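Below is one structure, written out as structure tokens, with a few remarks after it.
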Amino acid sequence: MSEALTHVGSGKVRELYALDADRLLLVASDRISTFDVVLPTEIPDKGRVLTGLSAFWFARTAEFVPNHLLAVRDDGRSTECRRLEMLPIECVVRGYLSGSGWKDYLTTGRVCGHELPSGLVESQRLPEPIFTPATKAVTGHDENIERSVAVELIGESRYDEVEAVALALYAFVSDQAREHGIILADTKLEFGLDENDRLVLGDEAFTPDSSRFWPADQYRPGGAQPSFDKQFVRDYCEALGWDKTPPGPELPDDVVEGTRARYVEAFETITGIEFDAYLADPEVVLA
Ligand code: PZK
7 MSEALTHVGS GKVRELYALD ADRLLLVASD RISTFDVVLP TEIPDKGRVL
57 TGLSAFWFAR TAEFVPNHLL AVRDDGRSTE CRRLEMLPIE CVVRGYLSGS
107 GWKDYLTTGR VCGHELPSGL VESQRLPEPI FTPATKAVTG HDENIERSVA
157 VELIGESRYD EVEAVALALY AFVSDQAREH GIILADTKLE FGLDENDRLV
207 LGDEAFTPDS SRFWPADQYR PGGAQPSFDK QFVRDYCEAL GWDKTPPGPE
257 LPDDVVEGTR ARYVEAFETI TGIEFDAYLA DPEVVLA
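For the sequence shown, my numbering gives the first residue as 7, with consecutive numbering after it.
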């Protein structure tokens, strides 16, 4: 970057800058988090893989809902985005019972007010995908909320709209992922409103940082599933006996290389595009 930009926000592994009054620059770093801690060692090209995947899905879902993507820069890790008024909820769709959905089900038999059949096991496919909104926590964990709480935050008609759009996006992307041997267990989407109050998909979409991808050929309901991308990192951290409080451990070269290979494999499996072609010209994902 040769421009001097105003920093307007940080995610755990991404940065947001203002380009002008209407546009933001979203930059995906190579940082990786595990057990909610950002590690001191980077995974080369991770930011490019996530940026390319997100742009790939933005290009293919624009017919369902407009999105904030304006351009992917030549570096492959920065995207120019329309500035939106973001809605104050996380829009999660779950097709499988995992993470906080599984925890809530064990405690209450429900997830965000969705009554589920009894006797489901961890990672089991749900009878149908469910929309499970959450609050946006500034620090700590997002909290799953019921429909009534989300309606108080964004209004009933907007709630019905984001629910329908989020479920349609999940159906489209999970079908395509499944054709490539990958289960999209769940996904977190963030929406905003444009200057005309129209709903627009923002943030990142259908990346391994915002979704759970499981290799279909290793799917075994009844327990937690191996992560497509972070399993080497988790296994290494578990073997170390690290207590999962900051600072996290440095990663050895073989864990870094193995993890980079999994990210590149995820990109190529899902998109059908060679990662080298993306590096040569990031706009290949938009075609
Ligand atoms: C926006 N975030 C979260 C994401 C960060 C922070 N198109 C947009 N318009 C207005 N605001 C946002 C977006 C987007 N996307 C997103 N905070 C504000 C976030 C990534 C990195 F540092």
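Even for Gly, the Cβ is constructed at its ideal location relative to N, Cα and C.
Model, not experiment: these values are computed from the prediction.
Cβ-heavy atom distance, residue i to ligand 1, below 6 Å
i       : result
Cys-87  : yes
Leu-175 : no
Gly-119 : no
Gly-146 : no
His-13  : no
Arg-226 : no
His-186 : no
Arg-37  : no
Leu-166 : Looking at the sequence itself, residue 166 is Asp, so the reference to Leu does not match. Result no, Cβ not under 6 Å from ligand 1.
Asp-209 : yes
Leu-90  : yes
Gly-17  : yes
Leu-132 : no
Leu-199 : no
Leu-22  : yes
CB-CB length for residue i against residue j, believed under 8 Å
i       : j       : result
Val-117 : Arg-131 : Val-117 to Arg-131, Cβ: 14 Å. No contact.
Gly-198 : Asp-223 : Wrong, their Cβ atoms sit about 37 Å apart, outside the cutoff.
Thr-47  : Val-270 : Contact doesn't hold; Cβ gap of about 17 Å is too wide.
Gln-194 : Val-43  : It is worth fixing the name first, because residue 194 is Lys in this sequence and not Gln. Contact flag wrong, Cβ pair sits at about 19 Å.
Phe-137 : Leu-159 : Actually they do not touch by this definition, with Cβ atoms about 14 Å apart.
Asp-235 : Arg-268 : 5 Å
Tyr-23  : Thr-40  : So it is not a contact: roughly 26 Å between Cβ atoms.
Tyr-102 : Ile-189 : 7 Å
Pro-135 : Ala-170 : That pair is no contact at about 12 Å.
Cα-Cα separation between residue i and residue j, rounded to whole angstroms
i       : j       : result
Thr-145 : Asp-26  : 28 Å
Arg-29  : Leu-76  : 9 Å
Pro-94  : Thr-141 : 7 Å
Val-168 : Ala-65  : 19 Å
Asp-148 : Glu-69  : 29 Å
Pro-214 : Thr-114 : 28 Å
Gly-15  : Ser-35  : 13 Å
Pro-232 : Val-239 : 11 Å
Leu-285 : Thr-275 : 16 Å
Ala-211 : Asp-249 : 31 Å
Asp-166 : Asp-203 : 15 Å
Asp-80  : Leu-257 : 29 Å
Glu-121 : Ser-129 : 17 Å
Arg-88  : Glu-21  : 15 Å
Trp-108 : Gly-53  : 29 Å
His-74  : Ala-10  : 22 Å
Val-291 : Ala-230 : 32 Å
Ser-163 : Asp-181 : 27 Å
Asp-259 : Phe-281 : 21 Å
Glu-86  : Glu-201 : 17 Å
Ser-216 : Ile-279 : 21 Å
beta-carbon residue i near ligand 2 non-hydrogen atom, thresh 6 Å
i       : result
Asp-249 : For the structure depicted, ligand 2 is absent and the ligand set comprises only ligand 1.
Residue j beta carbon less than 7 Å from that of residue i
i       : j       : result
Leu-90  : Val-206 : yes
Ala-191 : Ser-84  : no
Pro-62  : Thr-251 : Pro is not the amino acid found at residue 62; the sequence shown has Phe there. No.
Pro-288 : Val-78  : yes
Arg-37  : Val-55  : no
Asn-150 : Asp-110 : yes
Gly-119 : Arg-153 : yes
Thr-57  : Leu-175 : no
Gly-247 : Leu-45  : no
Phe-273 : Leu-59  : yes
Pro-139 : Ala-156 : yes
Exercise. Of all the alpha helix (DSSP H) runs that stay within the bounds of the segment 91-173, which reach a length of 4 or more residues?
Worked result: 105-114 and 153-160
Exercise. Which residue spans inside the segment 206-265 form an unbroken beta strand (DSSP E) run of at least 3?
Worked result: 217-221
Problem set entry | Those runs of the beta strand (DSSP E) which lie wholly inside the segment 9-80 and span at least 3 residues | Taking only runs of at least 3 residues, the beta strand (DSSP E) segments lying wholly in the segment 9-80 are 12-16, 20-24, 29-34 and 75-78.
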